[in-house]
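Participant: Questions regarding the structure given below will be posed in turn.
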Amino acid sequence: MRKLQAAVGSNLGKQAASQERRKKRAPNSSQAKPSAPKDLANQQEEKIFQASVSPYHLFRNRTEITAFRKSLLSWYDTEKRDLPWRRQAEDEADLDRRAYAVWVSEVMLQQTQVATVINYYTRWMQKWPTLQNLANASLEEVNQLWAGLGYYSRGRRLQEGARKVVEELGGHMPRTADTLQQLLPGVGRYTAGAIASIAFGQATGVVDGNVVRVLCRVRAIGADPKSTLVSQHLWSLAQQLVDPNRPGDFNQAAMELGATVCTPQRPLCSQCPVQSLCRARQRVEQEQFSASWNLQGTLDVEDCTPITGKCQLCLPSTEPWNHTLGVANFPRKASRRPPREEYLAICVLEQPRALGGTHILLVQRPSSGLLAGLWEFPSVTLEHSGQHQHKDLLQKLQSWTGPLPATHLQYLGEVSHTFSHIKLTYQVYGLALEGQTPVTTPPGARWLTREEFHTAAVSTAMKKVFRVYEDHQPGTCKGSKRSQLSSPSSQKKPSWKKPNRGQQVLDSFFWPHVPTDTPSLNSAAQ
Numbered sequence: 001m002r003k004l005q006a007a008v009g010s011n012l013g014k015q016a017a018s019q020e021r022r023k024k025r026a027p028n029s030s031q032a033k034p035s036a037p038k039d040l041a042n043q044q045e046e047k048i049f050q051a052s053v054s055p056y057h058l059f060r061n062r063t064e065i066t067a068f069r070k071s072l073l074s075w076y077d078t079e080k081r082d083l084p085w086r087r088q089a090e091d092e093a094d095l096d097r098r099a100y101a102v103w104v105s106e107v108m109l110q111q112t113q114v115a116t117v118i119n120y121y122t123r124w125m126q127k128w129p130t131l132q133n134l135a136n137a138s139l140e141e142v143n144q145l146w147a148g149l150g151y152y153s154r155g156r157r158l159q160e161g162a163r164k165v166v167e168e169l170g171g172h173m174p175r176t177a178d179t180l181q182q183l184l185p186g187v188g189r190y191t192a193g194a195i196a197s198i199a200f201g202q203a204t205g206v207v208d209g210n211v212v213r214v215l216c217r218v219r220a221i222g223a224d225p226k227s228t229l230v231s232q233h234l235w236s237l238a239q240q241l242v243d244p245n246r247p248g249d250f251n252q253a254a255m256e257l258g259a260t261v262c263t264p265q266r267p268l269c270s271q272c273p274v275q276s277l278c279r280a281r282q283r284v285e286q287e288q289f290s291a292s293w294n295l296q297g298t299l300d301v302e303d304c305t306p307i308t309g310k311c312q313l314c315l316p317s318t319e320p321w322n323h324t325l326g327v328a329n330f331p332r333k334a335s336r337r338p339p340r341e342e343y344l345a346i347c348v349l350e351q352p353r354a355l356g357g358t359h360i361l362l363v364q365r366p367s368s369g370l371l372a373g374l375w376e377f378p379s380v381t382l383e384h385s386g387q388h389q390h391k392d393l394l395q396k397l398q399s400w401t402g403p404l405p406a407t408h409l410q411y412l413g414e415v416s417h418t419f420s421h422i423k424l425t426y427q428v429y430g431l432a433l434e435g436q437t438p439v440t441t442p443p444g445a446r447w448l449t450r451e452e453f454h455t456a457a458v459s460t461a462m463k464k465v466f467r468v469y470e471d472h473q474p475g476t477c478k479g480s481k482r483s484q485l486s487s488p489s490s491q492k493k494p495s496w497k498k499p500n501r502g503q504q505v506l507d508s509f510f511w512p513h514v515p516t517d518t519p520s521l522n523s524a525a526q
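Numbering (the UniProt record's numbering), first residue to last: 1 to 526.
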């Protein structure tokens, strides 16, 4: 506690100066206020629910809330990471440009690690520093810059939103969480709250995967955080805690705490600024004391006493306390459905003697659905058995090039790629036109050099497929095997067994960082 007090004292000047800058840049009161009062029915429902919740899962009084705010913000002022979107929001005086910078970072950070986002964010803001710049860009350009970041619909919705702001809202971002969520495509409750609090200073709480973990541990909430009841309670706690004087900093501090200290596994409780207020920590101490004395409940620690019936926020009786997890008992990780499996035969079709060097054929995916609008190699979907894949793929290729000899189609190997909800296994083939050049390129297709392929709007899965193709080119260590795969008699039929090697997931999940906007959620402080 002395260390904390010393840290607070040493940063008073710094905080005062920072708050002064924020006041100068903050919007006027009419901008920060919601455009309409909160729905009365929802407000009444929340009051009824809060009345039934045990005080054990609540903050007891204003003093406890104030202590939480001060401790968390003091820690954040000294320990926060230096991230480009934070610098931009801090330094940008123009409200619309500040909100746009926060918006971009929040969308990119959904389901994606901070380390991955930094480079993408920097390149994005250099290319499109304003809403107007992004609105004027083509979807092809957006997809090209987004390639490899995953969840590609995010980039498309971001551009759709920018165009709506420019064309329908006079170039000005909505100023409140309610209007942001109502008017902008792809902006849900979390993203709207993050933009409104960080860019416009609106005192609105946010709940993402990191905040879920912090709140569940601080108030010992062990029930499924994705359930409607628990989610409602977490949002209520977040709104209750947010500091009205520094809402943006507070929300980022809560996310930062979950990202760097209150982590899913091996949390650094000794470094936590709010450990004295943490019910999960108290529960660990109680369990350790009981175990050491082989007794039950002898330590004087507050416990849950539900007002009516069984508590709906505590750990379920089917999942008792796990001594090996400690505070990580909260929240319990919900079971996730395994991704469905699909199989495709895919071919890298090349023109080795094309003008300017070898060219490869890419075709564009449909404008909606998985990987919408991105480019890929020609492929066909297969049944689980993999029967007739050679014939089906050849027919697909002939629709682009005309007649082709079946013996030229060479099996190169297998590669798997997992998205959030689907696992795709590709049987990779190669085929060289050997002087045969199509008279025309069909609509929705294009021929690219190898260098152009690496900068095109293609998914990480296609880059994996291309690496298999390159490994079998003459001069590579695997190229010598190519001739063995050329004849149908020597070509092994690909196995549909589950690969032994580990699968690389396209979109890296930052600690379960799921913003409550979409079926999953995220934050600027992953």
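Positions of the beta carbon are idealized from the N, C-alpha and C atoms, including for glycine.
1) What's the gap between the Cα of residue 33 and the Cα of residue 110?
2) Alpha carbon to alpha carbon, how far is residue 234 from residue 61?
3) For residue 425, list the residues DSSP reports as bridge partners.
4) Which whole-angstrom value describes the C-beta separation of residue 121 and residue 104, a residue pair presumed to lie in contact below a C-beta threshold of 8 Å?
5) Are residue 152 and residue 344 closer than 8 Å when you measure CB to CB?
6) Using C-beta distances below 7 Å, list every residue in its chain close to residue 140, excluding the 5 sequence neighbours before and after it, in chain order.
7) Rounding to the nearest angstrom, what Cα-Cα distance links residue 196 and residue 358 in this structure?
8) State the CB to CB distance for the pair residue 351 and residue 447, rounded to an integer number of angstroms; the pair is presumed to be in contact (CB under 8 Å).
9) So, under 8 Å CB-CB, residue 73 and residue 250 are touching, yes? Tell me the CB distance rounded to an integer number of Å.
10) So, helix, strand or coil for residue 287, using DSSP?
11) DSSP state of residue 151, grouped into three classes?
12) Is the beta carbon of residue 213 less than 8 Å from the beta carbon of residue 272?
13) Can you grab the Cα-Cα spacing for the pair residue 399 / residue 430, in whole Å?
14) Identify every residue that forms a DSSP beta bridge with residue 447.
15) State the DSSP-derived secondary structure class of residue 431, mapped to helix, strand or coil.
16) Just the C-alpha distance for residue 93 and residue 112, rounded to the nearest angstrom, thanks.
17) Whose C-beta lies closer than 7 Å to the C-beta of residue 274 among residues of the same chain, with five residues either side of it excluded?
18) May I ask you to report which of helix, strand or coil DSSP gives residue 260?
19) What three-state label does DSSP hand residue 102 in the structure shown?
20) Measure the CB-CB distance between residue 176 and residue 202 and report whether it falls below 8 Å.
21) Exposed or buried, which one is residue 334 when buried takes at least 16 other CB atoms within 10 Å?
22) Exposed or buried, which one is residue 106 when buried takes at least 16 other CB atoms within 10 Å?
23) What residues are listed by DSSP as bridge partners for residue 375?
24) Leaving aside the five residues before and after residue 421 along the sequence, list all residues of the same chain whose C-beta is less than 6 Å from its C-beta, in chain order.
25) Give the single residue among 349, 215, 441, 96 whose Cα lies nearest to the Cα of residue 169.
26) Spatial neighbours of residue 423 within its chain, please: CB distance less than 6 Å, with the 5 preceding and 5 following residues excluded, ordered by chain position.
Facilitator: With the structure as the only source:
1) Bear in mind that a pLDDT of 43 at residue 33, under 50, signals an unreliable position, so the number given afterwards is only what the model happens to contain. The straight-line gap from Cα to Cα measures roughly 26 Å.
2) Going by the C-alpha atoms only, they are around 17 Å apart.
3) Within the DSSP bridge table, the entry for residue 425 names 343, 416 as partners.
4) The pair is a contact, with the Cβ atoms about 7 Å apart (cut-off 8 Å).
5) In this structure, the beta-carbon distance from residue 152 to residue 344 does not fall below 8 Å.
6) In its chain, beyond the 5 residues on either side, 457 have a beta carbon closer than 7 Å to the beta carbon of residue 140.
7) Their Cα atoms are separated by approximately 51 Å.
8) With 8 Å as the limit, residue 351 and residue 447 qualify as a contact, their Cβ atoms being about 7 Å apart.
9) Contact flag correct, Cβ pair sits at about 6 Å.
10) The three-state reading of DSSP puts residue 287 in helix, counting H, G and I together.
11) Residue 151 falls in the coil class under three-state DSSP.
12) At the C-beta level, residue 213 and residue 272 stay beyond 8 Å of one another.
13) Their Cα atoms are separated by approximately 16 Å.
14) In the DSSP output, where bridge partners are listed per residue, residue 447 has 361.
15) Annotated three-state conformation of residue 431 is strand, per DSSP.
16) Residue 93 and residue 112: Cα-Cα distance of roughly 28 Å.
17) Cβ neighbours of residue 274 beyond the five flanking positions: 68, 71, 72, 218.
18) Residue state, collapsed to three classes: helix.
19) In the displayed model, residue 102 falls within a helix according to three-state DSSP.
20) Going by C-beta atoms, residue 176 is nearer than 8 Å to residue 202.
21) The residue in question, residue 334, is exposed, as its Cβ has fewer than 16 Cβ neighbours within 10 Å.
22) Counting Cβ neighbours within 10 Å, residue 106 comes out buried, since at least 16 surround it.
23) Residue pairing by DSSP puts residue 375 in a beta bridge opposite 364, 458.
24) Excluding residues within five positions, the ones whose Cβ falls inside 6 Å are 339.
25) Looking from the CA of residue 169, the closest CA among 349, 215, 441, 96 belongs to 96.
26) Excluding positions up to five away in sequence, the list reads 339, 341.
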